[in-house]
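First up is the structure itself, then whatever we jot down about it.
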DNA sequence: ATACCGCGTTGATCTGTATCAAGGCGCATC
DNA sequence: GATGCGCCTTGATACAGATCAACGCGGTAT
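Residue numbers (the numbering used here), protein chains in the order written: chain E, 792 to 1043; chain P, 792 to 1043.
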């Protein structure tokens, strides 16, 4: 839709259609580490674009020339094996920053689940900018640290949890995602909207689509959740589900 | 053994037994982002101590009051489920920095595999120091980014690889660990020393000890590796093993 | 020497999840 | 309103890896 042009510094950013100062995702993102008066400079590095559902905008192995910031919609991040086996390493919603890596090529792919709006930065240029804004670098370190903790939690899930525990963890985790990351329709604390397919859930949890389906059906039969539509889950007994997710509850 | 005392700035650090300027691990660690003239200040925050094999020095859930820097030896990092199931999320060798997390409590535990020497920093004090040394913050971001990439690779392994592929990946990964991280006896590129038990390997790869043992025996029978002693593996056919690790080779 | 104990290996059997197969539902297209 | 097509569910069966069990080996304490 609206395509930002690269342009020189101007004096009165307040009256321009500056993409950064008007960005709805700014307060949730690493960009909020930059003061309003400096936003113009950040904006000069940014290019906005949209991505249709099903289209990918990062391909594993491609030269890593850009950083990305999700300003609307959700993407799945994944890695592939040569025979097509896929591991989804995470979902990136509004405010999510992508592309952190020292390597010169992307270590994962990213594909839109919903219509997305993305803000793109040139890596070398953003690196230079970071020298002038240590606060943003601090924020990036915070973000990376948090993702590392989440990744370790996911390793525990993939290495040691049962299918039932994985699904419970997934649903609890989705219910805890901050509203702003989900975009327009977020659902209540107990109503979880799933923009991804069963296949995506399976590839995220290291299971097959059939096991995901069967396990959800079983949780429903036990009264822990409701499934009003395929991509909506209502958590009926949150504490019980959490007990399963954390491994405190013995298996049935 | 040698316990560093906290002490005020002095004028001639060159003639002091400054733990940082004499630290053999410095060049491999985040500390190398700090210039020699400023090391005195870093040293004033550091406390060195040793850990016996089998002893833990970080406990999941404890208040996160410190950062750690491994200066000798290797630790296993892990998370537990209430019933004792364990996932080892990584091994930390010389130069490894631990404790990055925004949270106020540790999200994992760490236990020594070999005799270790560790350098400990107060979190609040190190945070203040980071404000004055953005280069170190940059290094931390680099380290965190690299670990994130490794974590995603491990998710692929845990979620989608077979036992055979996991063991091959593990051995290739161990063979690629930089010599300085391994400490004293490192072994050649083809001789992999394993300071951890079969149980640790199993908990790292999301398998059981029996499957690890059987799979290694099979790789040996096929001539891909040799196992001169339980904790030494010689890689005989590196390319073939790598083909299995990356999933390019069909299963037997 | 002997007993013990932690660690690793190997064998027999079991089982949770994968695989194979069929059918249903919602929704778009003509 | 029939056809087709994703996507999801459900059932039957297969299998990789877990579990249960026994034994061997090296170190060390007695």
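Think of the CB as a built atom: it goes at the ideal place given N, C-alpha and C, for glycine as much as any other residue. If you're wondering where the values come from, they're calculated on a predicted model, not measured in any experiment.
Quick check: the Cα distance between residue i and residue j, rounded to an integer number of angstroms?
i: residue 841 of chain P; j: residue 912 of chain P; result: 14 Å
i: residue 914 of chain P; j: residue 920 of chain P; result: 10 Å
i: residue 1023 of chain P; j: residue 927 of chain P; result: 36 Å
i: residue 933 of chain E; j: residue 951 of chain P; result: 29 Å
i: residue 1014 of chain E; j: residue 957 of chain E; result: 18 Å
i: residue 903 of chain E; j: residue 945 of chain E; result: 21 Å
i: residue 1011 of chain E; j: residue 987 of chain E; result: 19 Å
i: residue 891 of chain E; j: residue 938 of chain P; result: 11 Å
i: residue 925 of chain E; j: residue 925 of chain P; result: 7 Å
i: residue 973 of chain P; j: residue 819 of chain P; result: 12 Å
i: residue 1040 of chain P; j: residue 1005 of chain P; result: 19 Å
i: residue 873 of chain P; j: residue 992 of chain E; result: 25 Å
i: residue 815 of chain P; j: residue 910 of chain P; result: 12 Å
i: residue 1028 of chain P; j: residue 953 of chain P; result: 19 Å
i: residue 983 of chain P; j: residue 1030 of chain P; result: 15 Å
i: residue 963 of chain P; j: residue 1009 of chain P; result: 16 Å
i: residue 843 of chain E; j: residue 823 of chain P; result: 45 Å
i: residue 981 of chain E; j: residue 826 of chain P; result: 52 Å
i: residue 1065 of chain P; j: residue 922 of chain P; result: This structure gives no information on residue 1065 of chain P, because the portion of chain P shown stretches from 792 to 1043.
i: residue 931 of chain E; j: residue 931 of chain P; result: 10 Å
i: residue 881 of chain P; j: residue 881 of chain E; result: 19 Å
Please look up how many angstroms separate the CB atoms of residue i and residue j, rounded, as I've assumed it's under 8 Å.
i: residue 864 of chain E; j: residue 906 of chain E; result: 5 Å
i: residue 1016 of chain P; j: residue 1026 of chain P; result: 6 Å
i: residue 1035 of chain P; j: residue 959 of chain P; result: 4 Å
i: residue 768 of chain E; j: residue 875 of chain E; result: Residue 768 of chain E lies beyond the residue range present for chain E, which begins at 792 and ends at 1043; the question has no answer from this structure.
i: residue 858 of chain E; j: residue 917 of chain E; result: 6 Å
i: residue 888 of chain E; j: residue 940 of chain E; result: About 16 Å; that fails the 8 Å criterion.
i: residue 942 of chain E; j: residue 943 of chain P; result: 7 Å
i: residue 947 of chain E; j: residue 965 of chain E; result: Not a contact, Cβ separation roughly 17 Å.
i: residue 855 of chain P; j: residue 866 of chain P; result: Not a contact, Cβ separation roughly 16 Å.
Leaving out five residues on either side along the sequence, give the residues of the same chain with a beta carbon under 6 Å from the beta carbon of residue i.
i: residue 900 of chain P; result: 847, 849, 850, 851, 869
i: residue 908 of chain E; result: 841, 862, 863
i: residue 871 of chain E; result: 877
i: residue 811 of chain E; result: 830, 833, 834
i: residue 793 of chain P; result: Its pLDDT being 41, under 50, residue 793 of chain P is placed unreliably in this model, and the value from its coordinates should be taken loosely. Correct list: empty, nothing qualifies.
Please classify residue i as buried or exposed, where buried requires at least 16 other C-beta atoms within 10 Å of its C-beta.
i: residue 994 of chain E; result: buried
i: residue 1003 of chain E; result: buried
i: residue 817 of chain P; result: buried
i: residue 896 of chain P; result: exposed
i: residue 970 of chain P; result: exposed
i: residue 1021 of chain E; result: exposed
i: residue 967 of chain P; result: exposed
i: residue 893 of chain E; result: exposed
i: residue 1032 of chain P; result: buried
i: residue 837 of chain E; result: buried
i: residue 860 of chain P; result: buried
i: residue 885 of chain E; result: buried
i: residue 1038 of chain E; result: buried
i: residue 898 of chain E; result: buried
i: residue 929 of chain P; result: buried
i: residue 809 of chain P; result: buried
Per DSSP, which one or two residues make a beta bridge with residue i?
i: residue 907 of chain P; result: P:842
i: residue 868 of chain E; result: E:881, E:901
i: residue 912 of chain P; result: P:837, P:858
i: residue 985 of chain P; result: Beta-bridge pairing links residue 985 of chain P to no other residue.
i: residue 1023 of chain E; result: E:984, E:1020
i: residue 889 of chain P; result: P:859
i: residue 849 of chain P; result: P:901
i: residue 896 of chain P; result: P:854
Might you give, ordered along the chain, the residues of its own chain that have their beta carbon closer than 8 Å to the beta carbon of residue i, omitting 5 neighbours on each side?
i: residue 799 of chain P; result: Because residue 799 of chain P carries a pLDDT of 43, less than 50, the predicted location of this residue cannot be relied on, and no value is offered for it.
i: residue 853 of chain E; result: 896, 897
Leaving out the 5 sequence neighbours to the left and right, which residues in its chain are closer than 7 Å to residue i when beta-carbon positions are compared?
i: residue 797 of chain E; result: Its pLDDT being 43, under 50, residue 797 of chain E is placed unreliably in this model, and the value from its coordinates should be taken loosely. Taken in chain order, the residues that qualify are 835.
i: residue 1018 of chain E; result: 1007, 1011, 1024
i: residue 804 of chain P; result: Because residue 804 of chain P carries a pLDDT of 40, less than 50, the predicted location of this residue cannot be relied on, and no value is offered for it.
i: residue 990 of chain P; result: 1000
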